[in-house]
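K.L.:
Please read through the structure below; I'll follow up with questions.
Protein chains: 2
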Amino acid sequence: MKPAKEIQFPVLSTIEKRWSPRAFSDKLIETEKINRLFEAARWAPSAFNAQPWRFVYATKDHSDAYDKIAQGLNPWNQKWAAKAPLLVFVLAKKTFDHNGKPNAYAWYDAGQAAAYLSLQATEMDLYLHQMAGIEPDVLRNVLEIGEDYDIVAGMAIGYLGDAATLPDDLREREHAAPTRKPHSELVSRNDWTL
Amino acid sequence: MKPAKEIQFPVLSTIEKRWSPRAFSDKLIETEKINRLFEAARWAPSAFNAQPWRFVYATKDHSDAYDKIAQGLNPWNQKWAAKAPLLVFVLAKKTFDHNGKPNAYAWYDAGQAAAYLSLQATEMDLYLHQMAGIEPDVLRNVLEIGEDYDIVAGMAIGYLGDAATLPDDLREREHAAPTRKPHSELVSRNDWTL
Numbered sequence: 223m224k225p226a227k228e229i230q231f232p233v234l235s236t237i238e239k240r241w242s243p244r245a246f247s248d249k250l251i252e253t254e255k256i257n258r259l260f261e262a263a264r265w266a267p268s269a270f271n272a273q274p275w276r277f278v279y280a281t282k283d284h285s286d287a288y289d290k291i292a293q294g295l296n297p298w299n300q301k302w303a304a305k306a307p308l309l310v311f312v313l314a315k316k317t318f319d320h321n322g323k324p325n326a327y328a329w330y331d332a333g334q335a336a337a338y339l340s341l342q343a344t345e346m347d348l349y350l351h352q353m354a355g356i357e358p359d360v361l362r363n364v365l366e367i368g369e370d371y372d373i374v375a376g377m378a379i380g381y382l383g384d385a386a387t388l389p390d391d392l393r394e395r396e397h398a399a400p401t402r403k404p405h406s407e408l409v410s411r412n413d414w415t416l
Numbered sequence: 223m224k225p226a227k228e229i230q231f232p233v234l235s236t237i238e239k240r241w242s243p244r245a246f247s248d249k250l251i252e253t254e255k256i257n258r259l260f261e262a263a264r265w266a267p268s269a270f271n272a273q274p275w276r277f278v279y280a281t282k283d284h285s286d287a288y289d290k291i292a293q294g295l296n297p298w299n300q301k302w303a304a305k306a307p308l309l310v311f312v313l314a315k316k317t318f319d320h321n322g323k324p325n326a327y328a329w330y331d332a333g334q335a336a337a338y339l340s341l342q343a344t345e346m347d348l349y350l351h352q353m354a355g356i357e358p359d360v361l362r363n364v365l366e367i368g369e370d371y372d373i374v375a376g377m378a379i380g381y382l383g384d385a386a387t388l389p390d391d392l393r394e395r396e397h398a399a400p401t402r403k404p405h406s407e408l409v410s411r412n413d414w415t416l
């Protein structure tokens, strides 16, 4: 079991429950649930309602597509993440549809959509681990993704698995308590004190 | 009333309920609820658990601090957002604490924290409107914020107010139905088709 978060003020149950495992069950994710994940992301807010987030995904039962997309993970993440039943990459459209100008909020808003997706996952008993350790150039080549999209992050998604299946170093992390900076280092009232 | 979203697959009630009003009630937000907003943000995930998000805020009852921070909004947003009981700016630390190198995920992860905050707000019957229309240089000067932080977005937060108090053009937007792109333009399965 993951040790509990040290919650200081009550928050949404999905926020309290969410964490990022590396051991996933082999159980496939129901198509309806996959649709609900992307529906949640879809309703995130964005600057000018530009909705710059994009998702490309494959499920473990479609092994050709899955193995192709898994090449976008770096070798270290491939070892554990390419076992998850659902593998997703988050992309961000770098320009606005309406005028072609750069969208400075592309990554920020993609982050918001990913956050909605992650809480929707938690609500459905799914777990999700986002990864910065990716190979954007490889994925861009393999899937022929145009330059107007940044390839931002990977996501391994599935039901919780057995940490005993992980190598020693990863198993230890699976049982580590989640930690965060105190409010005093993150939030400043009335003036800037950080 | 805001027209309902056209939800295609069931999502979290907070996601379904959330929208971004411009008319806020004068009612002040309880301190406990403000703490819960930032606590929700605090538990967002981030690359290397760097937690690059920062928040600076003021409440309407502390008018000196509030008016100072409100200078960070552009004139158009000041007209309506500087009436909200809680005004927040989201910042992103551009470098990692552990090695001083640039954090490419600073904005993405700040977006995730903002998204958690926004759903926590919804859960507590608060509404939130994020703004890209800000004056980062002004806020940086006024609050003496160092160059290591990007000033990313503003947030007006409060209980729902009466749209009749808004100017005509804004009142119309308050009653417009929320719209999103279809899944087919946002999500790609097995291959890149967007």
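Protein chains in written order, with this note's numbering: chain A, 223 to 416; chain B, 223 to 416.
Even glycine gets a Cβ: it sits at the ideal position worked out from N, Cα and C.
Remember, it's a predicted structure, so these values are computed and weren't measured experimentally.
Return the residue from the list B:K290, B:P274, B:A272 and B:L416 that minimises the CA-CA distance to A280 (chain B).
P.N.:
For this step, residue 280 (chain B) is matched to residue 58 along the second sequence. Ranking B:K290, B:P274, B:A272 and B:L416 by Cα distance to A280 (chain B) puts B:K290 first.
K.L.:
Does R395 (chain A) pass the burial test, meaning 16 or more other C-beta atoms within 10 Å, or should it be called exposed?
P.N.:
For the purposes of this step, residue 395 (chain A) is taken as residue 173 along the first sequence, with counting starting at 1. Exposed, because fewer than 16 other Cβ atoms sit within 10 Å of the Cβ of R395 (chain A).
K.L.:
Whose C-alpha, out of A:P400, A:N257, A:G294 and A:A354, is nearest the C-alpha of I237 (chain A)?
P.N.:
The residue labelled residue 237 (chain A) in the question sits at position 15 within the first sequence. I237 (chain A) has its Cα closest to that of A:P400, out of A:P400, A:N257, A:G294 and A:A354.
K.L.:
Does any CB atom of chain A fall closer than 7 Å to the CB of V310 (chain B)?
P.N.:
As a first step, residue 310 (chain B) is located in the second sequence; it is residue number 88 there, counting from the start. No, V310 (chain B) does not count as interfacial toward chain A.
K.L.:
Output the residue ranges of the alpha helix (DSSP H) runs that lie fully inside the stretch 266-354 of chain B and measure 4 residues or longer, sorted by chain position.
P.N.:
Runs of the alpha helix (DSSP H) inside the stretch 266-354 of chain B: 285-292, 297-303 and 328-345.
K.L.:
Comparing the C-beta of V409 (chain A) with each C-beta of chain B, is any distance below 7 Å?
P.N.:
Against the first sequence, residue 409 (chain A) aligns to sequence position 187. It does: the Cβ of V409 (chain A) has a partner Cβ on chain B nearer than 7 Å.
K.L.:
Which bits of chain A does T317 (chain B) rub up against, with CB to CB less than 8 Å?
P.N.:
Counted from its first residue, the second sequence places residue 317 (chain B) at position 95. Within 8 Å Cβ-Cβ: nothing; T317 (chain B) doesn't reach chain A, min ~14 Å.
K.L.:
Which residue or residues does DSSP assign as beta-bridge partners of A378 (chain A)?
P.N.:
In the first sequence, counting from the first residue as 1, residue 378 (chain A) sits at position 156. DSSP output for A378 (chain A) lists A:L309 and A:H351 as bridge partner(s).
K.L.:
Give the C-beta separation of K255 (chain A) and W241 (chain A) to the nearest angstrom, bearing in mind that I take them to be a contact with Cβ-Cβ under 8 Å.
P.N.:
Residue mapping note: residue 255 (chain A) aligns to position 33 of the first sequence, counting from 1. Residue mapping note: residue 241 (chain A) aligns to position 19 of the first sequence, counting from 1. Contact flag wrong, Cβ pair sits at about 19 Å.
K.L.:
Give me, in chain order, the residues of the same chain whose beta-carbon lies closer than 7 Å to that of W298 (chain A); leave out the 5 immediate sequence neighbours on both sides.
P.N.:
By one-based count along the first sequence, residue 298 (chain A) stands at place 76. Around W298 (chain A): G355.
K.L.:
Express the C-alpha separation of D347 (chain B) and R411 (chain B) in angstroms, rounding to a whole number.
P.N.:
Here residue 411 (chain B) corresponds to residue number 189 of the second sequence, with the count starting at 1. Here residue 347 (chain B) corresponds to residue number 125 of the second sequence, with the count starting at 1. Near 36 Å, if we compare the C-alpha coordinates of D347 (chain B) and R411 (chain B).
K.L.:
Going by C-alpha distance, which of A:S406, A:F318, A:D391 and A:Y371 is nearest T415 (chain B)?
P.N.:
Along the second sequence, read from residue 1 onward, the residue named residue 415 (chain B) stands at position 193. Residue A:Y371 is the option with its Cα nearest to T415 (chain B).
K.L.:
Who are I356 (chain A)'s beta bridge partners in DSSP?
P.N.:
Translated into positions along the first sequence, residue 356 (chain A) becomes position 134. Answer is A:L295.
K.L.:
Can you give the Cα-Cα distance for M377 (chain B) and R276 (chain B), rounded to whole angstroms?
P.N.:
If you number the second sequence from 1, residue 377 (chain B) lands on position 155. If you number the second sequence from 1, residue 276 (chain B) lands on position 54. Those two C-alpha atoms are separated by around 13 Å.
K.L.:
If we ignore side chains and look at the alpha-carbon of each, how far apart do A398 (chain A) and Q334 (chain B) end up?
P.N.:
Position 176 of the first sequence holds residue 398 (chain A). Position 112 of the second sequence holds residue 334 (chain B). Roughly 22 Å separates the two Cα atoms.
K.L.:
How about D331 (chain B) and P274 (chain B): do their beta carbons lie closer than 7 Å?
P.N.:
As a first step, residue 331 (chain B) is located in the second sequence; it is residue number 109 there, counting from the start. As a first step, residue 274 (chain B) is located in the second sequence; it is residue number 52 there, counting from the start. Yes, these two residues count as a Cβ contact at 7 Å.
K.L.:
Below 7 Å on C-beta distance, what does Y338 (chain A) contact in chain B?
P.N.:
The sequence position of residue 338 (chain A) within the first sequence is 116, counting from 1. Residues of chain B passing the Cβ test: I237 and A337.
K.L.:
Using a C-beta cutoff of 7 Å, does E357 (chain A) count as contacting chain B?
P.N.:
Stepping through the first sequence from its first residue, residue 357 (chain A) is reached at position 135. Chain B contact via Cβ: absent.
K.L.:
Report yes if the CB atom of A328 (chain A) is closer than 7 Å to the CB atom of A314 (chain A), and no otherwise.
P.N.:
Looking up residue 328 (chain A) in the first sequence gives position 106. Looking up residue 314 (chain A) in the first sequence gives position 92. Yes, Cβ-Cβ distance for A328 (chain A) and A314 (chain A) is below 7 Å.
K.L.:
Check each candidate in A:A304, A:A266, A:V310 and A:H351 and name the one with the smallest Cα separation from D413 (chain B).
P.N.:
Mapped onto the second sequence, residue 413 (chain B) falls at position 191. Closest option to D413 (chain B), Cα to Cα, is A:V310.
K.L.:
Is the beta carbon of A385 (chain B) closer than 7 Å to that of V312 (chain B)?
P.N.:
The residue you call residue 312 (chain B) lines up with position 90 of the second sequence. The residue you call residue 385 (chain B) lines up with position 163 of the second sequence. Cβ distance not < 7 Å, so V312 (chain B) and A385 (chain B) don't count as in contact.
K.L.:
Nearest-angstrom Cα distance between Y338 (chain B) and A262 (chain B)?
P.N.:
The sequence position of residue 338 (chain B) within the second sequence is 116, counting from 1. The sequence position of residue 262 (chain B) within the second sequence is 40, counting from 1. Taking the straight line from one Cα to the other gives about 6 Å.
K.L.:
Does the CB of S502 (chain B) have a neighbour CB from chain A at under 7 Å?
P.N.:
A query on residue 502 (chain B) cannot be resolved here, the shown segment of chain B reaching from 223 to 416 and no further.
K.L.:
Are the CB atoms of G383 (chain A) and P307 (chain A) within a distance shorter than 7 Å?
P.N.:
Translated into positions along the first sequence, residue 307 (chain A) becomes position 85. Translated into positions along the first sequence, residue 383 (chain A) becomes position 161. No; because the gap between Cβ atoms is not below 7 Å, this pair is not in contact.
K.L.:
So V360 (chain A) and Q293 (chain A) are supposed to be a Cβ contact under 8 Å. How far apart are they, rounded?
P.N.:
As a first step, residue 360 (chain A) must be located in the first sequence, where it is residue number 138. As a first step, residue 293 (chain A) must be located in the first sequence, where it is residue number 71. Right, their Cβ atoms sit about 5 Å apart.
K.L.:
Nearest by alpha-carbon distance to P267 (chain A): which of B:I367, B:R362 and B:M353 is it?
P.N.:
Counting from one through the first sequence, the residue named residue 267 (chain A) turns up at place 45. Checking every option, the nearest Cα to that of P267 (chain A) belongs to B:M353.
K.L.:
Per DSSP, what kind of secondary structure is S410 (chain A) in: helix, strand or coil?
P.N.:
The residue labelled residue 410 (chain A) in the question sits at position 188 within the first sequence. In the structure shown, S410 (chain A) sits in a strand (DSSP, three-state: E or B).
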